[in-house]
Amino acid sequence: MSLHQVHDADGGRIRYQRICEIDGQVVEYKNIDKAYDDGERTVVITDEDLKSLPAERSREIEVVEFVPTDQIDPIMFDRSYYLEPDSASSKAYVLLRETLESTDRTAIVRMALRQKTRLAALRVHGKVLMVQTLLWSDEVRQAAFPALDEDVKVTAKELDLSKQLVESLVSEFEPDQYVDEYQQELRTLIAAKLEQGDALDTASTFGEQPDEEGGEVIDLMEALRRSIATKRGGADAAGEGSSSASASAGAKETTKKSGAKSGTSKRASASKGASSSKSASASKTEKPKTEKKTRKAAS
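Here UniProt numbering is used: the first residue of the sequence shown is 1, the next is one more, and so on.
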């Protein structure tokens with residue numbers, strides 16, 4: 001559940017502003033650039049700088065190699081996505097799934113996600129194939145704690161007692177039996193306050209806030225027309241009123257979230273390429289995320 005911050009005296013909504021530390025002025029989103037600080041110097045990176053970087057737009061999932069499943073440390077896993085077969089490639093999908101399952105192998109793949117190349121693991125999950133993006137090796141911090149170097153003695157009796165404790169709690173893991181009790185209690189508390197009338201009028205306390213200037217309203221159909229025109233290399237196609245495009249949204253991200261934090265729908269579709277023995281193509285219909293959003297200031 002998403003909670004706001006309010007003034008304890010009157011319940012008024014507290015909002016944050018982006019203040020420039022040099023002139024003390026409020027800065028709009030359209031005037032904000034990114035920057036990298038190395039501790040001594042700051043390098044400003046503009047939107048034009050970012051656009052100059054090579055963007056990965058391939059719809060293929062390239063298989064790099066097949067590795068034993070137990071060689072992938074779970075600490076490397078980032079986010080999970082289901083793969084859905086193309087309508088004409090169900091047999092290839094099932095064949096790959098059964099091959100991976102029977103050989104206990106996981107495919108290490110490269111794929112484009114938000115125009116960036118990502119490393120991922122393609123593996124079997126029940127009857128579906130899924131990809132789990134992986135952290136790059138330099139993103140995983142090594143454990144270097146002084147306590148690990150201490151010479152600690154454990155007696156055989158202590159070890160036996162510890163094993164007995166573990167055995168007393170051995171069970172089969174069933175995720176459905178665990179619930180987020182804090183969220184349940186929070187919902188109960190809110191419902192009780194609403195029932196007792198212990199609430200404020202949102203419009204009068206939070207007030208109406210105008211949309212921030214500099215936000216960009218995205219016309220999906222127009223964006224698709226421009227994309228098609230760019231790929232065809234012609235500017236005329238972008239202005240044709242009869243142009244049409246379609247978008248589809250698919251499988252939900254496998255991480256389940258309750259209440260207002262439900263997972264954004266994501267889909268990737270895999271197909272077997274006729275001319276490539278080590279690649280599978282994927283159409284990822286993940287909901288596009290824009291860098292700029294027309295919204296109220298985040299709290």
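C-beta: ideal position from N, C-alpha, C; glycine also.
Practice item. Using 10 angstroms around the beta-carbon of Gln184, count the other beta-carbons present and answer buried if the total reaches 16, otherwise exposed. Key: By the neighbour-count rule (16 or more Cβ atoms within 10 Å), Gln184 is not buried but exposed.
Review point. For Tyr36 versus Val27, is the C-beta spacing smaller than 8 Å?
Key: Not a contact, by the Cβ cut-off of 8 Å.
Point to revise | DSSP state of Asp201 mapped onto helix, strand, coil | key: Correct three-state label for Asp201: coil.
Check your understanding: Looking only at DSSP bridge pairs, what is His125 linked to?
Key -> Beta-bridge pairing links His125 to Val128.
Point to revise | Integer-rounded CB distance, given that Leu134 should sit under 8 Å from Asp78 | key: Cβ atoms of Asp78 and Leu134 come within 8 Å of each other, at about 6 Å.
Exercise for review: Tell me where the beta strand (DSSP E) around residue 300 begins and ends.
Suggested key: For residue 300 there is no data in the structure shown, the boundaries of the chain being 1 and 299.
Point to revise | Separation of Arg41 from Val124, as counted between CA atoms | key: Approximately 47 Å between the Cα atoms of the pair.
Exercise for review: Count the other CB atoms, across all protein chains shown, that sit within 10 Å of the CB of Val131; report buried if there are 16 or more and exposed otherwise.
Suggested key: So Val131 ends up on the buried side.
Check your understanding: In chain order, what residues of the same chain lie with their CB nearer than 8 Å to the CB of Ala199, ignoring the 5 residues before and after it?
Key -> Taken in chain order, the residues that qualify are Lys193.
Exercise for review: Identify every residue that forms a DSSP beta bridge with Thr106.
Suggested key: The beta-bridge partner set that DSSP reports for Thr106 consists of Val67.
Review point. Identify the residues that DSSP records as bridge partners of Met111: which are they?
Key: According to DSSP, Met111 shares a beta bridge with Ile61 and Arg118.
Exercise for review: For the alpha helix (DSSP H) holding Tyr29, just list the boundary residues, first then last.
Suggested key: Careful: Tyr29 lies outside any alpha helix (DSSP H) and carries neither H nor E.
Check your understanding: Where does the unbroken beta strand (DSSP E) through Val43 begin, and where does it stop?
Key -> That run of the beta strand (DSSP E) goes Thr42 to Ile45.
Check your understanding: Taking the C-alpha atoms as reference points, what is the distance between Val170 and Asp180?
Key -> Roughly 22 Å between the two C-alpha positions.
Practice item. Could you tell me which residues DSSP puts in a beta bridge with Thr133? Key: The bridge partners DSSP lists for Thr133 are Ala120.
Review point. Going straight from the alpha carbon of Leu83 to that of Arg97, what length do you get?
Key: Roughly 11 Å separates the two Cα atoms.
Practice item. Identify the continuous alpha helix (DSSP H) that holds Val166 and give its terminal residues. Key: In this chain, the alpha helix (DSSP H) harbouring Val166 covers Ala156 to Ser168.
Review point. Thr117 and Glu56: beta carbons closer than 8 Å?
Key: Closer than 8 Å, so yes.
Check your understanding: So, are the CB atoms of Trp136 and Leu113 less than 8 Å apart?
Key -> Judged by beta-carbon spacing, Leu113 lies beyond the 8 Å limit of Trp136, meaning their Cβ atoms are not closer than that value.
Exercise for review: Name the residue from Val6, Ala144 and Tyr178 whose alpha carbon lies nearest to the alpha carbon of Arg15.
Suggested key: From the listed residues Val6, Ala144 and Tyr178, the smallest Cα separation to Arg15 is found for Val6.
Check your understanding: What is the DSSP secondary structure of Ile19, reduced to helix, strand or coil?
Key -> Note: Ile19 maps to strand in three-state DSSP.
Point to revise | Unbroken alpha helix (DSSP H) run spanning Ala55, endpoints | key: Ala55: not part of any alpha helix (DSSP H); DSSP gives it neither H nor E.
**Study point:** Where the alpha helix (DSSP H) through Gln177 begins and ends
**Key:** First-last for Gln177: undefined, no H or E at that position.
Exercise for review: Starting from the Cα of Ser204, find the closest Cα among Glu158, Pro74, Lys127 and Arg13 and give me that residue.
Suggested key: Each of Glu158, Pro74, Lys127 and Arg13 was checked against the Cα of Ser204, and the nearest Cα belongs to Arg13.
Exercise for review: Quick one: residues in its chain with C-beta nearer than 8 Å to the C-beta of Ala144, no 5 flanking neighbours on either side, listed in chain order?
Suggested key: Nothing meets the Cβ criterion.
Check your understanding: Would a C-beta distance cut-off of 8 Å place Lys34 and Ile45 closer than the cut-off?
Key -> Yes, Cβ-Cβ distance for Lys34 and Ile45 is below 8 Å.
Point to revise | Assigned exposure category for Pro85 - 16 Cβ within 10 Å defines buried | key: Pro85 sits buried, since 16 or more C-beta atoms from the chains shown fall within 10 Å of its C-beta.
Practice item. Can you have a look at Leu95 and say buried or exposed, based on whether 16 or more other CB atoms are within 10 angstroms of its CB? Key: By the 10 Å Cβ count, Leu95 comes out exposed.
**Study point:** Per DSSP, cross-strand counterpart(s) of Val6
**Key:** For Val6, which the question treats as bridged, DSSP gives the partners Arg13.
Review point. Thinking C-beta only, is Thr69 closer than 8 Å to Asp104?
Key: Taking 8 Å as the Cβ cut-off, Asp104 and Thr69 qualify as a contacting pair.
Exercise for review: Look at the alpha carbon of residue 303 and the alpha carbon of Asp149, and state the distance between them as a whole number of angstroms.
Suggested key: Limits of the chain in this structure are 1 at one end and 299 at the other, which puts residue 303 out of reach.
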